[in-house]
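In my numbering, the protein residues as written are 1305 to 1369. Beta carbons are placed, not taken as given, at the ideal position from N, Cα and C, and that holds for glycine.
Next comes the structure, spelled out in structure tokens:
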């Protein structure tokens, strides 16, 4: 397991791809944490919840409650 990880670090193309993937994940997480001015978070959450209930018949939304 450790040797496989060390091999990926030694190969430049894999190292670049792994670093790019990690950078994209960090940017997405930061973007999700930044709130948008003028958007009521409660209303947005309620909209997503009702949208999910409409598409799944309420069964899928019950998993997240």
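Residue i and residue j look like a contact to me (Cβ under 8 Å); what is the Cβ gap, rounded to whole Å?
i: residue 1312; j: residue 1319; result: 7 Å
i: residue 1345; j: residue 1354; result: That pair is no contact at about 15 Å.
What residue range is occupied by the uninterrupted alpha helix (DSSP H) comprising residue i?
i: residue 1322; result: 1316–1337
i: residue 1347; result: 1345–1360
If you drop the 5 nearest sequence neighbours on each side, which residues of the same chain put their C-beta closer than 6 Å to that of residue i?
i: residue 1308; result: none
Spatial neighbours of residue i within its chain, please: C-beta separation below 7 Å, excluding the five flanking residues on both sides.
i: residue 1322; result: 1312
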